[in-house]
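Each residue of the sequence shown is one higher than the one before, counting from 862 in our numbering.
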Amino acid sequence: MSESENVLSLPSCRSNLFNPADSYVKTLGSKRSQTTVENCVQNIAKILGHSSYDRVEWSKLRRSHWQKILGALEEKGCSPSTKNLYLTVFKGVAKEAWSNDLLPQSAYLKISSLKSLKFERLPKGRSLDLEEGRRLLESCFNGTTKGFRDRAIFAVMMGCGLRRAEVVSLKLANWNCIDRSFSFIGKGNKERRVYLPKNLDKYIDEWLIKRGLEAGTFFPGVSEILCLSQFHNVVCFPGKAVRLWNVVEQANCLPEGFAHPIHFILV
């Protein structure tokens, strides 16, 4: 059988053996990355004719399979960045299989030589100017505990440039009230320290007065019917996502043409 005719097949009675796809997923540093890559591997298995990646005989993986995967992604209208993500996953699983003596070296070398797509796109959205940032902070505040929290969240995002996942992962222990900074482990398992601009200090201080100084999540979920002792035990979970953009849109605080949605985890 030629390489072009070779297809992945489900193994017989081998479900308890080492699975390079599962091993590759577990090497990733964050739960979010693991979820993303696991979805990619699952889709790759389906494209190649199988219902689940955990039963695929990955030792049969060949370079020709990428052409089939790429064709399926093109039919779905996937962006170049998505195609490159799938290629990275495809090569990662192949490397894991080769490293564990499941994939022949010749097959692995052919797969590893695959090149990513070259492309360039304009960035989505745009930066806010100072006046738009001020109006955005004002639009978040309605005098409630939730208003204090939402305004502080935007202050940290705009003033320190944190990612959404980094903001919701912050703990009180990450905050240094002396030098007004946050230190935390960010993307790529890299430790970062960011400093809050002085003109945004008051929003964090006002939020901490409402929140209290108990250990735990810096921006926990808020329910107006909860007393403060209950409030400190509520945590933001990624599954409870709403669009904070609605707060901005309803307040009509940004100029016409600013249509890039802001998604955030809030409860």
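Using N, Cα and C, we set each Cβ at its ideal position, and we do this for glycine too.
The structure displayed is predicted, hence computed values, not measured ones.
Identify whether Thr1005 lies in helix, strand or coil by the three-state DSSP scheme. It is coil, neither helix nor strand.
Quick check: Lys1032 and Gly1077, are their CB atoms within less than 8 angstroms of each other? Yes, Cβ-Cβ distance for Lys1032 and Gly1077 is below 8 angstroms.
Nearest to Phe980 by CA position, among Pro941, Tyr1064, Ala933 and Tyr1056, is which residue? Comparing Cα-Cα distances from Phe980 to each of Pro941, Tyr1064, Ala933 and Tyr1056, the minimum goes to Pro941.
DSSP three-state assignment for Val917, whether helix, strand or coil: Coil at Val917, not helix or strand.
Quick check: is the beta carbon of Val1017 nearer than 8 angstroms to any beta carbon in chain D? Checking the listed chains, one finds no chain D in this structure; it contains a single protein chain.
Give the DSSP-derived three-state secondary structure of Asn880 in the structure shown. Judged by DSSP in its simplified three-state form, Asn880 adopts coil rather than helix or strand.
Element boundaries [alpha helix (DSSP H), containing Ile1039]: Looking at the DSSP string, Ile1039 is not in any alpha helix (DSSP H), and its letter there is neither H nor E.
Taking the C-alpha atoms as reference points, what is the distance between Pro965 and Ser920? Using only the alpha carbons, I get a separation of about 8 angstroms.
Once the 5 residues before and after Val950 are set aside, which same chain residues still bring their CB inside 8 angstroms of it? Around Val950: Tyr885, Val898, Cys901, Val902 and Ile905.
Evaluate Ser912 with the Cβ neighbour count: other Cβ atoms within 10 Å of its Cβ, from every protein chain shown; 16 or more gives buried, anything less gives exposed. Under this definition Ser912 is an exposed residue.
Take Met1019 and list the residues in its own chain whose beta-carbon comes closer than 6 angstroms to its own, dropping the five residues that flank it on each side. Taken in chain order, the residues that qualify are Gly994.
C-beta contact flag for Lys1059 and Arg1024 at 8 angstroms: Against a cut-off of 8 angstroms, the Cβ pair of Arg1024 and Lys1059 comes out as no contact.
Please confirm whether Ile930 and Lys952 have their CB atoms less than 8 angstroms apart. Not closer than 8 angstroms, so no.
Per the DSSP calculation, Thr1078 is bridged to which residue(s)? Thr1078 has Lys1032 as its beta-bridge partners, per DSSP.
Assuming Ala933 contacts Ile908 under a Cβ cut-off of 8 angstroms, what Cβ separation, rounded to an integer in Å, is found between them? At roughly 5 angstroms, the Cβ-Cβ gap stays under 8 angstroms, so Ala933 and Ile908 are in contact.
To the nearest angstrom, how far is the alpha carbon of Leu878 from that of Leu991? Rounded to whole angstroms, Leu878 to Leu991 spans 58 angstroms at the Cα level.
Residues near Asn1035 in its chain [Cβ-Cβ closer than 8 angstroms; skip 5 each side]: Once the five neighbours on either side are set aside, the close Cβ partners of Asn1035 are Phe1043, Ser1044, Phe1045 and Phe1079.
Can you tell me whether Asn1000 is buried or exposed, with buried defined as 16 or more other CB within 10 angstroms of its CB? For the sequence presented, residue 1000 should be read as Ser rather than Asn. Residue environment for Ser1000: buried (at least 16 other C-beta atoms within 10 angstroms of its C-beta).
Can you tell me whether Glu1067 is helix, strand or coil according to DSSP? Assigned with DSSP and collapsed to three states, Glu1067 falls in helix.
Nearest-angstrom Cα distance between Glu1075 and Pro1081? Here the alpha carbons of Pro1081 and Glu1075 stand approximately 11 angstroms from one another.
For Glu981, the first and last residue of its enclosing beta strand (DSSP E): Segment: none, Glu981 is in no beta strand (DSSP E) and carries neither H nor E.
According to DSSP, is Ser940 helix, strand or coil? Residue state, collapsed to three classes: coil.
Alpha-carbon spacing of Asn880 relative to Glu936, whole angstroms: Rounded to the nearest angstrom, the two C-alpha atoms are 29 angstroms apart.
Where the alpha helix (DSSP H) containing Arg923 begins and where it ends: Careful: Arg923 lies outside any alpha helix (DSSP H) and carries neither H nor E.
Ile1014: buried (16+ other C-beta within 10 angstroms of its C-beta) or exposed? Ile1014 should be labelled buried.
Classify Ser974 as helix, strand or coil using the three-state DSSP reduction. In the structure shown, Ser974 sits in coil (DSSP, three-state: anything other than H, G, I, E or B).
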